[in-house]
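J.: Quick one: the structure is below, and I'll ask about it shortly.
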Amino acid sequence: MKKKIIALALLVFASPLAVHAATLKFPSEKPVASITIPDSWKPEETDSGVQGTSADSAIYLSADVASSKSMDKVVTDAIDFLAKNKITVDPSTRKETPVTDVNGMQMTTLEWDGSDEDGPVSVGLLFVQTSGDNALVVTYWGTKGEEDKHSAEVQAIIASIKPVE
6 MKKKIIALAL
16 LVFASPLAVH
26 AATLKFPSEK
36 PVASITIPDS
46 WKPEETDSGV
56 QGTSADSAIY
66 LSADVASSKS
76 MDKVVTDAID
86 FLAKNKITVD
96 PSTRKETPVT
106 DVNGMQMTTL
116 EWDGSDEDGP
126 VSVGLLFVQT
136 SGDNALVVTY
146 WGTKGEEDKH
156 SAEVQAIIAS
166 IKPVE
């Protein structure tokens with residue numbers, strides 16, 4: 006009996022740590038990928054993908070679908086979105102990660118330090134090859150000093166990206 010009470014207590018204690026999340030397949034008319042974003046980020050489908058913002062607004066993340074023909078436009082749209090939100094990047098801080106394999110897909114990132122109206126931010130573009138002709142452009146914008154508390158969530162979101170066949 007004592008073991009059952011301890012197990013129940015552990016379950017009750019751990020349940021607030023469990024995050025409710027939505028798995029979105031996008032675009033909805035002809036999905037090429039899925040991603041799981043915590044419900045607290047209020048994930049939603051956009052014209053070209055999905056987006057969500059952490060509950061404290063410390064992090065914005067979007068994933069947009071691109072084909073080999075539309076890749077330049079999707080990247081330009083992501084950069085324009087950042088500029089529209091008054092985010093500037095310091096080109097001298099650019100870091101590029103080597104291509105890695107996640108869930109059978111090739112991924113690479115470009116990262117910069119930058120600033121927005123509230124101060125220093127981290128900015129990133131993640132490129133994910135979901136199929137021969139389709140890819141995702143993931144845009145990341147996080148407030149420095151606040152983003153670290155969401156690192157496990159962001160890693161889980163990125164690790165959740167899967168191709169839809």
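So the sequence shown is numbered by the working numbering: it starts at 6 and just counts up by one.
Note that the Cβ used here is the ideal one computed from N, Cα and C, for glycine as well.
For Asp95, which of helix, strand or coil comes out of DSSP?
T.: coil
J.: Inspect the beta-carbon positions of Ser39 and Thr28 and report whether they are closer than 8 Å.
T.: yes
J.: What are the start and end residues of the alpha helix (DSSP H) that includes Ser165?
T.: For Ser165, the enclosing alpha helix (DSSP H) begins and ends at Ser156 to Ser165.
J.: Ignoring anything shorter than 3 residues, give me the beta strand (DSSP E) runs that lie fully in the stretch 118-148, in order along the chain.
T.: As far as the stretch 118-148 is concerned, its whole beta strand (DSSP E) runs of at least 3 residues are 124-134 and 139-148.
J.: Based on the DSSP secondary-structure assignment, which residues constitute the bridge partners of Lys100?
T.: Glu116
J.: Determine the direct distance from the alpha carbon of Thr41 to that of Asn108, and round the result to whole angstroms.
T.: 14 Å
J.: To which residues of the same chain is His25 closer than 6 Å at the C-beta, ignoring the five residues directly before and after it?
T.: Asp44
J.: Beta-carbon within less than 8 Å of Thr58's beta-carbon, same chain only, minus the 5 sequence neighbours each way: which residues are those?
T.: Trp46, Lys47, Ile64, Tyr65 and Leu66
J.: Whose CA, out of Val169, Ser127 and Val94, lies closest to the CA of Val159?
T.: Ser127
J.: Anyone know if the C-beta pair for Asp69 and Ala83 falls short of 8 Å?
T.: The answer is yes: Cβ separation under 8 Å.
J.: Could you spell out where the alpha helix (DSSP H) holding Lys89 opens and where it closes?
T.: Met76 to Lys89
J.: Hey, out of Trp117, Lys74 and Thr105, whose CA is closest to Pro96's CA?
T.: Of Trp117, Lys74 and Thr105, the residue nearest in Cα terms is Trp117.
J.: Check for me: the beta strand (DSSP E) holding Lys30 runs from which residue to which?
T.: Ala26 to Phe31
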